[in-house]
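At the far end of the sequence shown sits residue 454, using this note's numbering, and the numbering has no gaps. All remarks here apply to the structure that follows.
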Amino acid sequence: MVCTTNVFSIDQSAVTLNDSEIRGLLKNAKFEEGYIIRSQEEIPANILIYKRKDSGKAYYYCIVKAPNDSLIIFTPKEIDGYSVKNQRYIRHFSEGKSFFIEIKEEGRVDLYMRGSIEYDNRVLFYLKFPSQKEYVVISPYDKNIDLRDSKDSRNSAMMIIRTNDIELKFKKFVEDYFSDCPEVVNMVKSGFYTISDIPTVVNIYNNCFE
């Protein structure tokens, strides 16, 4: 049985989970072996696997069970990321907010994702292209889509492009950013892949160079 009476954090001011929320998260909880990342070091840890209804908490908190059954609640202010059960997260800073984003694909283009969170119910994809410091951020399910370079930890400038014609802008985006892989460009231009297929588009693009 996991003890919930000794719950602490490296930075108490960063933790907003109350006792009731913690008890809910721990009901029928599963912990799996994984690791947290701090200062480029991978530290083994038993990490909470969130239930489906609590999955959004994964972008805020990494909850670790210590050997004495106490809990350590890490936020993006305290660790660089964590990995558990084939899911890997890194911390991200954007517009004064910090949260974890999930690594979905690594290659010539790296793809990350952040699902709905408390103050922003959008699903966001973050794309990091070669030789670019900024992420291109795409929200595929908005009626209006922003293709923008997000402020990262280096506080880079932000570029925003807005349009009401989502698929037309997406086709232009793919032509501009994926032009060295004709297979991807042609499949998007033909309508075979749309903006909701971002993970597949990135995967095919990365395979162009293997």
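For every residue, glycine included, the Cβ atom is placed at its ideal position computed from N, Cα and C.
Assign residue i to buried or exposed, taking buried as 16 or more other Cβ atoms, counted over all protein chains shown, within 10 Å of its Cβ.
i, result
"glycine 435", "exposed"
"arginine 296", "exposed"
"tyrosine 304", "buried"
"lysine 274", "exposed"
"leucine 412", "exposed"
The beta strand (DSSP E) with residue i in it runs from where to where?
i, result
"arginine 335", "331-338"
"valine 380", "379-382"
"lysine 309", "306-309"
"proline 288", "285-293"
"valine 328", "325-328"
Suppose you measure from the CA of residue i to the CA of residue j; what does that come to, to the nearest Å?
i, j, result
"proline 384", "asparagine 312", "44 Å"
"aspartate 354", "leucine 371", "6 Å"
"glutamate 346", "valine 308", "18 Å"
"asparagine 330", "isoleucine 439", "25 Å"
"lysine 377", "isoleucine 334", "16 Å"
"threonine 444", "valine 380", "16 Å"
"alanine 401", "glycine 278", "Summary for alanine 401: the model assigns pLDDT 44, below 50, so the residue's position carries little reliability; its value from the coordinates is reported in the next sentence. Looking at the two C-alpha atoms, the distance is approximately 35 Å."
I'd like to know whether the C-beta atoms of residue i and residue j end up nearer to each other than 8 Å.
i, j, result
"leucine 269", "aspartate 298", "yes"
"phenylalanine 453", "arginine 352", "yes"
"valine 446", "valine 429", "no"
Along the chain, where does the alpha helix (DSSP H) that runs through residue i open and close?
i, result
"proline 426", "426-433"
"tyrosine 437", "Tyrosine 437 -> no alpha helix (DSSP H), and no H or E assigned at all."
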